[in-house]
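The structure appears right after this line, and notes come after that.
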Amino acid sequence: MRINKSTTNSFMLLGFSTFPGLEGLFFTTFLTIYLLILTGNALIITMTLADQALHIPMYFFLRNLSCLEICYTSIIIPKMLENLLSEDRTIQFVSCAFQMSVFLITGAAECFLLAAMAYDRYVAICQPLRYTLIMNARVCYGLVAASWLAGIPVQLAQTFLVFTSCFCNSNEINHFFCDIPALLSLVCGDTSINEQVALLEVLLLAVIPFSMILMSYICIAINILKIPSVEGRHKAFSTCSSHLMVVLAFYGSGIIVYVTPKARDTLDTNKYLSLFYTVLSPLLNPLIYSLRNREVQNAFGKVCLLFPHV
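According to my numbering, the sequence shown is numbered sequentially starting from -17.
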């Protein structure tokens, strides 16, 4: 159906409609994953608040990362679950714009927060004697505030440009949420401005934080190699290995989705790859930090002792 933005107030999210008869299986799977995401990240937040030993910058940033992941999964997965149970897969124009803007802003915030966490690990390993002086409360709160706020202007501008475009190809979004590539495929006319803003967005909100993370880990690697004992090198690396795994999972899937060219035959691929950073990454992060971090495991044990019947 050909439409124009001035005559429609809704879109249709196709989601996983190409797999008729499997909606119940998908619903059960994604509901289970969503509950695990909420539970895992809520436990990280609770444990890092409850245990005084975890009141250090590393876990302050981790707590904020868990808050972020609860936010952006909650803006996507509940609507996806609703669409799996209903034949009416429509999403209102304003709701679609809101979903996109919140997703983009929280995604940018995660990029900068991961960079802040990398800087924290750099200071801890490369300048341990000055760690408490450099990573004081004011710096930590400033880094988190900057992470949350950094992407707002660019991402709101991107959302405004997309939703003031003319959608005259169709109102069917080949995705399970309102993502930029899927929406731009519906725009008729010139989308060069959108693509230029998207490029600026990638440079400012993804490449710069990733470069900061890369520089931090280069310095960390150089310093770890200078440690004479194998045990010392292993201990130093273990303090940042969890964060490194989270970075690789988050950036790896995001790069594949947003670097591929805009073409109709890539939309299905992008939709399924998007599951990695919208669903699997928020699920894996609490597991990575829980399974690979002894301090978090000890905190979890303390929580279990406080609430033995939970």
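A virtual CB, placed ideally from N, CA and C, is assigned to each residue, including glycine.
Leaving aside the five residues that flank ALA180 on each side, the residues in its chain whose CB is nearer than 7 Å to its CB run, in chain order, GLN140, ILE162.
Under DSSP, MET(-6) takes part in a beta bridge, and its partners are THR72, GLU154. Between LEU63 and PHE12, the beta carbon gap of about 6 Å places them in contact (Cβ cut-off 8 Å). Take ARG215, set aside five residues on each side of it, and the residues of its chain with a beta-carbon closer than 6 Å to its own are ILE206, ILE209, in chain order.
Closest in C-alpha terms to VAL76, from the list MET(-6), TYR271, PHE145, comes PHE145. Between the segment 85 to 102 and the segment 126 to 135 there are three or more C-beta pairs closer than 8 Å, enough to call the two in contact.
For secondary structure counted as the alpha helix (DSSP H) over 4 or more consecutive residues, the segment 55 to 107 holds these complete runs in sequence order: 59 to 67. In this structure GLN81 is buried. Its beta-carbon is surrounded by 16 or more other beta-carbon atoms within 10 angstroms. Between ALA203 and the set ASN156, ALA188, ARG103, the nearest pair of CA atoms involves ARG103. For the 8 Å CB-CB criterion, VAL228 and ILE195 do not form a contact.
Per the coordinates, the alpha-carbon of CYS170 lies some 22 Å from the alpha-carbon of LEU182. In the structure shown, PHE8 falls within a helical segment according to DSSP collapsed to helix, strand and coil. Contact between the segment 246 to 266 and the segment 53 to 60 is established, with three or more Cβ pairs separated by less than 8 Å.
Where VAL189 is concerned, there is no enclosing alpha helix (DSSP H), because DSSP gives it neither an H nor an E. Per DSSP, the beta-bridge partners of VAL169 are PHE149. Between LEU187 and the set TYR54, ALA164, TYR233, LEU168, the nearest pair of CA atoms involves TYR233. Of the other Cβ atoms in all chains shown, fewer than 16 fall within 10 Å of the Cβ of ASN(-9); this residue is therefore exposed. Per the C-alpha coordinates, the member of CYS160, VAL189, ASP250, SER220 positioned closest to ILE107 is SER220. Taking the Cβ atoms as the reference, GLN137 lies roughly 6 Å from SER83, within the contact range of under 8 Å. CA-to-CA, the gap between SER152 and LEU168 works out to about 6 Å. Separation of PRO135 and ALA98 (C-alpha to C-alpha, rounded to the nearest whole angstrom) is 20 Å. Secondary structure note for SER129: its alpha helix (DSSP H) is the uninterrupted segment 119 to 132. Cα atoms of ILE200 and ALA218: separation of roughly 14 Å, rounded to the nearest angstrom. Here LEU143 is not near ASN118, since their CB atoms are 8 Å or more apart. Secondary structure of PRO2 (DSSP, three-state): coil.
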